[in-house]
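>
Residue numbers (the numbering used here): 208 to 373.
Next up, the structure:
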C-alpha cells in the first residue's frame with residue numbers, strides 16, 4: 208500500500224527520475240509545450256511550478272536555486288526573462304494538461320502539457336467570451352459617467368434649436 212507516498216517514482220531510480228524531470232522541465236520552459244504521458248506530466252507539474260514561483264523574486268540566489276534544479280543556462284535565462292514577466296500577476300497554476308488520447312503501442316494516456324500564458328488560441332477565446340457586465344436583474348449596466356449622460360442631452364438641445372430656427 209502507498210500510505211503517505213507522495214512521490215510517483217515512475218518505475219525509475221532516484222537519479223534517473225531527477226534527470227528526467229530536469230530535462231522535461233527545461234524542454235517545457237524552452238518550447239512552452241511538450242507531449243508526454245499523464246503520469247509524467249503530473250509529476251512534472253509538481254516539479255516545475257515551484258520553480259516558476261521562484262522567478263517572481265529575481266535575485267542571484269533564486270537563479271542559483273533554479274539552476275541547481277534545471278542544469279540549463281538557456282532555460283534559466285528564459286524562465287527569469289520572458290516567462291517571469293508573463294506570470295508576474297498569476298498566483299499559481301502556471302501549467303495546463305490537455306488530454307490527447309491513448310498511445311497506440313502500449314495504450315498509455317498521452318497529454319500535452321503547456322505553460323498557460325503562452326497559448327494564444329485560448330487567450331483569444333477567453334477575451335472574446337467576456338461579456339458586458341450585467342446587473343442582477345439581467346439587464347445592461349446603466350451609464351454612470353457624466354459624458355455618456357450629457358451627450359444625449361446635448362443632441363436633444365441641438366435638434367430643438369434647429370426646429371425652432373426653421
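Backbone N, C-alpha and C fix where the C-beta goes; we use that ideal spot for every residue, glycine too.
#1: Can you tell me which of 310, 284, 312 and 294 puts its alpha carbon nearest to the alpha carbon of residue 237?
#2: Using three-state DSSP, classify residue 217 as helix, strand or coil.
#3: Provide the residue span of the beta strand (DSSP E) that contains residue 303, from first to last.
#4: Specify, as a first and last residue, the run of the beta strand (DSSP E) that residue 317 falls within.
#5: Can you list, in chain order, the residues of its chain whose CB lies under 8 Å from that of residue 247, leaving out five sequence neighbours each side?
#6: Would you check if the region 287-294 and the region 308-318 touch, i.e. whether three or more CB-CB distances between them fall below 8 Å?
#7: Per DSSP, which one or two residues make a beta bridge with residue 242?
So, from the data block:
#1: 284
#2: coil
#3: 302-309
#4: 316-322
#5: 217, 227 and 231
#6: no
#7: 319
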